[in-house]
Structure formats: C-alpha cells, structure tokens
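**Student:** Encoded as structure tokens, here's the structure I'll be asking about.
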Amino acid sequence: MVDATWIGCCCLVGGLILVSGEFVPVDEFEVSSNELTFVKPNKWLKLEEDDAELLVPELIVKYGYKVEGHTVVTEDGYVLKMFRIPPRQQSIAKKLPVLLVHGVVASSADFVVSGPNISLAYLLSDNGYDVWLANVRGSRYSKEHTKLPVESKEYWDFTWHEIGYYDLPSMIDHVLNATNSNKLFYIGHSQGTTVYFVMSSSRPEYNDKIALMTALSPAVTLKHVRSPILRFMLDNVDTIRKILDALKIYEFLTYNDAGLQIGRALCQPEEKKNWCILLFGLAAGPHPGGTDPRLVLSYLGHYPQGASVKQMLHFAQVFQSNRFRQFDYGRKGNLQKYGRPEPPAYNLTASTAPVLIYYGLNDWLIHPKNPRDLSRMLPRVIDTIAVSDRQFNHMDFVLAKNVRKVLYEKILPTLDKYNRKC
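Residues in the sequence shown are numbered consecutively from 1, following full-length UniProt numbering.
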C-alpha cells in the first residue's frame with residue numbers, strides 16, 4: 001500500500017511544478033543610466049486586474065512616483081536588481097536611506113503591491129525617505145549571474161546564508177555609495193530578517209552601517225509553527241527533497257504566468273475571492289476581513305517569486321534542530337565544508353546595531369514566542385512589540401488593509417528619532 005505521506009508529497013510537488021513552469025526572464029524593462037524604461041501595458045484596467053500584470057517599476061510609475069533601476073553584482077557573481085524611489089518631497093531635509101528587504105519566495109513587490117494608500121515604500125517616500133527596494137538572488141528580478149546559467153544546478157546552489165553573506169553587503173554598500181551616506185535604515189520582513197542576522201553576525205563590520213534594523217515577523221527560530229501547510233512541508237522535507245532531486249528541480253515556486261492564470265480561474269469570480277483569502281489564512285494565519293478582496297488578483301500576480309530548494313531546506317533544518325546555524329550537509333559534508341561535524345551557529349551577540357522587533361499575535365508561521373526569544377539573544381533590542389490587531393498574521397505585515405494604521409505609522413516616529421541622531 002502506498003504511504004499517504006508520499007501521495008501528499010507527490011501532489012504538493014506536482015502543484016509546485018504546475019505553478020512554477022519554466023523560468024521566464026524579466027526582459028520587459030531595461031536599465032539605462034539608472035532610469036527605467038519599460039513597455040507600457042496596452043490598457044489600464046481596474047486596480048487588481050491591471051496591477052497583477054505590471055512589473056514593480058511600472059506599479060511605482062503608475063501611482064505617480066519616480067523610480068530608478070540599479071544593478072549590483074555580488075562577490076560570488078550574482079547579478080541583483082534594486083529599485084529606488086526617491087523622496088517625493090524634495091524640500092524636506094535629507095534623511096537616511098531606507099533599505100526594504102522582502103521575504104522568501106517574494107520580491108520587492110511586497111512593499112508596493114497594495115498601492116499608495118497602504119504600501120510601506122510609498123509612505124516612506126511621502127515622508128522624505130530615500131527608499132531602496134531589494135531583490136535577492138533567485139527572486140524574479142534577480143535571476144542572473146556573471147558566469148552561471150540560471151537553469152543550472154550550480155546557480156541554485158545557495159541558501160539564505162549566501163543572501164545574508166553576499167547579497168546584503170553588496171546592496172548596502174551600493175546604497176551608501178549612491179546616496180553619500182554613512183548609515184541606512186534596514187526594514188526586513190520574514191526571511192528579510194533572517195538574512196540580516198546572518199550578515200550582522202557573520203560580517204559584524206556592517207553593524208556600523210545600520211542606523212536601525214526594524215524586524216517584521218523575524219524568522220530566526222521556527223518553533224511552534226501553526227500553519228498546517230507549512231507543518232506538512234517541514235515534517236516531510238526529506239521526502240519532498242528526494243522527489244525534487246529525482247526530477248532535477250532546484251528552484252522553488254518561481255514566478256510564471258501560468259500561476260496567475262490559475263489564480264484568476266480560481267479567485268477572479270467575486271464570490272470566490274473570500275475562499276482564496278481563506279487559503280492564504282491556512283498558510284499565514286486566519287484574519288477575517290484583514291485582506292481587501294479587491295487586491296487578491298494583484299497579490300497573485302506578484303507572488304510567489306521564486307527561491308532555491310536549498311533555501312527551503314535550510315529553513316526546515318532550523319525548524320528541526322531549533323538552532324539558528326549554517327546549512328547542515330551531514331557529518332561528512334560538514335567536516336569538508338566547516339572542518340567540524342556540525343554546522344556552526346550564528347553568533348547573534350555580534351549583531352550590535354539597534355533592533356526594533358514587531359510580531360503578530362496570530363502569525364501561524366512565526367509564533368509570538370519566537371520574536372520574544374530572539375529579543376533575549378540580541379544585545380541591543382530597543383523594543384519588542386506585538387501589533388495591536390490581535391488577528392494580525394504573517395502576510396499582514398505587507399498585505400493587510402489596516403497595516404499602515406496599526407504598524408507602518410508606528411514605525412515612522414522611530415525612524416525620525418534615529419534619523420535625528422545620525
């Protein structure tokens with residue numbers, strides 16, 4: 001008799017393949033002298049239908065903001081795209097730049113996709129901040145290498161360790177050089193916090209370049225995961241890995257137009273949108289009324305955006321071991337890689353820049369206990385705050401219709417305070 005777990009894993013992998021499809025390069029826009037030019041859509045439809053098909057720079061321009069495109073090459077050859085939104089009010093006294101870093105299988109779209117009345121990037125620009133949107137390796141806008149083909153196994157041989165060790169320092173240095181600044185503000189969501197703590201503990205010299213790190217639902221410890229979808233994946237990661245290895249699949253949930261078309265078929269009829277929101281809740285935590293149904297299709301057009309299978313395995317290892325440490329290659333592989341039988345743990349006491357932590361009480365991926373535990377591991381936490389909305393879940397940090405009121409407007413005064421200190 002076939003094990004039910006194998007059936008479930010095969011169905012899951014089949015779904016991932018169907019949604020992912022083949023890699024489609026983002027060639028609709030070009031970067032020239034930091035100014036973005038792109039092919040405009042044939043028609044401007046209502047918000048959710050149109051925004052689902054627009055690239056991040058197109059979204060920014062659509063809503064009346066300026067945008068620049070920047071290319072960064074890491075020490076290990078990965079080519080990254082960054083988008084810059086200059087301060088909307090140039091008359092405001094110069095403030096430190098802000099680097100926004102997205103979560104896993106996401107992209108810079110996280111910070112603009114909900115439109116100018118909600119999204120964080122627009123709020124920061126409106127308040128005089130120079131906003132920089134990161135796109136880490138393997139995500140939709142950063143699939144390029146100086147030597148490796150994107151389709152190759154070698155290209156995808158990275159975890160979030162390499163993102164923290166190589167991508168973040170390269171992007172931070174680029175932002176500081178471009179703005180002639182000594183420090184910047186860092187705001188990360190989920191994996192955007194994971195990679196920060198990799199950098200700040202492994203390359204501690206970068207702590208001096210951070211005025212304040214704001215951690216939104218930090219993913220450093222993964223105890224008490226409540227999401228049934230994520231629990232199934234984490235509990236069966238070895239089986240899923242074997243299936244993917246056999247199929248020579250190294251990328252996890254890449255962006256593909258097929259995913260948007262499937263989403264439209266399932267969620268576009270008005271009466272079905274609430275069912276789609278319910279499915280989001282099974283992954284991130286239920287929040288009745290928390291997501292604007294009008295934006296469901298827009299979200300589906302910008303999520304998922306791709307990651308490496310190895311990235312996801314690394315998260316599974318953190319879940320299984322309950323330790324924040326480098327990738328575990330097994331005893332033999334660890335001896336070859338690290339010169340020791342177990343992977344080295346990240347030294348969080350070396351993360352000395354000030355940190356502000358926000359967490360959700362109904363976050364089914366990052367349990368409220370985890371950020372509180374993290375705050376005791378770090379030497380310089382200025383505060384650890386639960387978002388006031390008790391139904392706030394993991395994706396609400398970037399997608400909730402009330403996120404500006406209950407979170408973003410709380411962050412601004414702290415940024416202004418630290419800006420005056422620098």
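The beta-carbon is built from N, C-alpha and C at its ideal position, and this holds for glycine as well.
Which one of ASN419, GLU154 and PRO288 has the shortest CA to CA distance from GLY77?
**Tutor:** In the sequence shown, counting from the first residue as 1, residue 77 sits at position 77. The residue with the shortest Cα to Cα distance from GLY77 is GLU154.
**Student:** With a Cβ-Cβ cutoff of 8 Å, do THR291 and LYS401 count as a contact?
**Tutor:** In the sequence shown, residue 291 corresponds to position 291, counting from 1. In the sequence shown, residue 401 corresponds to position 401, counting from 1. Yes, the pair counts as a contact, with Cβ atoms nearer than the cut-off.
**Student:** Using DSSP with H/G/I as helix, E/B as strand and the rest coil, what is ALA219?
**Tutor:** In the sequence shown, residue 219 corresponds to position 219, counting from 1. ALA219 falls in the coil class under three-state DSSP.
**Student:** Roughly how many angstroms separate the alpha carbons of VAL309 and ILE385, rounded to a whole number?
**Tutor:** On the sequence shown, position 309 is the one that residue 309 refers to. On the sequence shown, position 385 is the one that residue 385 refers to. Taking the straight line from one Cα to the other gives about 32 Å.
**Student:** Which value, in whole angstroms, describes the spacing of the CA atoms of LEU356 and VAL105?
**Tutor:** Translated into positions along the sequence shown, residue 356 becomes position 356. Translated into positions along the sequence shown, residue 105 becomes position 105. LEU356 and VAL105: Cα-Cα distance of roughly 24 Å.
**Student:** With a threshold of 8 Å, are at least 3 pairs of Cβ atoms found where one atom belongs to the region 178-189 and the other to the region 360-370?
**Tutor:** Touching, no, given that fewer than three Cβ pairs across the two stretches are closer than 8 Å.
**Student:** Would you report the Cα separation of ASP235 and SER321, rounded to the nearest angstrom?
**Tutor:** On the sequence shown, residue 235 is found 235 positions in, with the first residue counted as 1. On the sequence shown, residue 321 is found 321 positions in, with the first residue counted as 1. One C-alpha to the other measures close to 12 Å.
**Student:** Can you give me the C-alpha to C-alpha distance between ILE411 and ARG331, rounded to a whole angstrom?
**Tutor:** As a working note, residue 411 is residue 411 in the sequence shown. As a working note, residue 331 is residue 331 in the sequence shown. Their backbone Cα atoms lie some 44 Å apart in a straight line.
**Student:** May I ask you to report which of helix, strand or coil DSSP gives VAL67?
**Tutor:** If you number the sequence shown from 1, residue 67 lands on position 67. In this structure, VAL67 counts as coil in the three-state DSSP scheme.
**Student:** Shortest alpha-carbon distance to residue 432 belongs to which of ILE249, THR352 and LEU300?
**Tutor:** The requested residue 432 does not occur in the structure, where the chain is confined to residues 1 to 422.
**Student:** Which partner residues does VAL98 have in the DSSP bridge list?
**Tutor:** Here residue 98 refers to the residue found at position 98 when the sequence shown is read from its first residue. Answer is VAL131 and PHE185.
**Student:** What does the Cβ neighbour count give for GLN305, buried or exposed, with the cut at 16 atoms within 10 Å?
**Tutor:** The residue given as residue 305 occupies position 305 in the sequence shown. It is buried - the Cβ of GLN305 has at least 16 other Cβ atoms within 10 Å.
**Student:** So who's on the other strand from TYR155, going by DSSP bridges?
**Tutor:** Counted from its first residue, the sequence shown places residue 155 at position 155. Paired residues: none, contrary to the question.
**Student:** Helix or strand or just coil, what does DSSP make of PRO365?
**Tutor:** What you label residue 365 is simply residue 365 of the sequence shown in a count that begins at 1. First, the amino acid is wrong: residue 365 is Leu here, not Pro. Coil at LEU365, not helix or strand.
**Student:** In this structure, does DSSP put ARG231 in helix, strand or coil?
**Tutor:** If you number the sequence shown from 1, residue 231 lands on position 231. In this structure, ARG231 counts as helix in the three-state DSSP scheme.
**Student:** Is the Cβ-Cβ distance between LYS209 and ASN419 less than 8 Å?
**Tutor:** Along the sequence shown, one-based indexing puts residue 209 at 209. Along the sequence shown, one-based indexing puts residue 419 at 419. Cβ atoms of LYS209 and ASN419: not closer than 8 Å.
**Student:** If the criterion is Cβ atoms closer than 8 Å, does the pair VAL112 and LEU59 meet it?
**Tutor:** The residue given as residue 112 occupies position 112 in the sequence shown. The residue given as residue 59 occupies position 59 in the sequence shown. Result yes, Cβ atoms of VAL112 and LEU59 sit closer than 8 Å.
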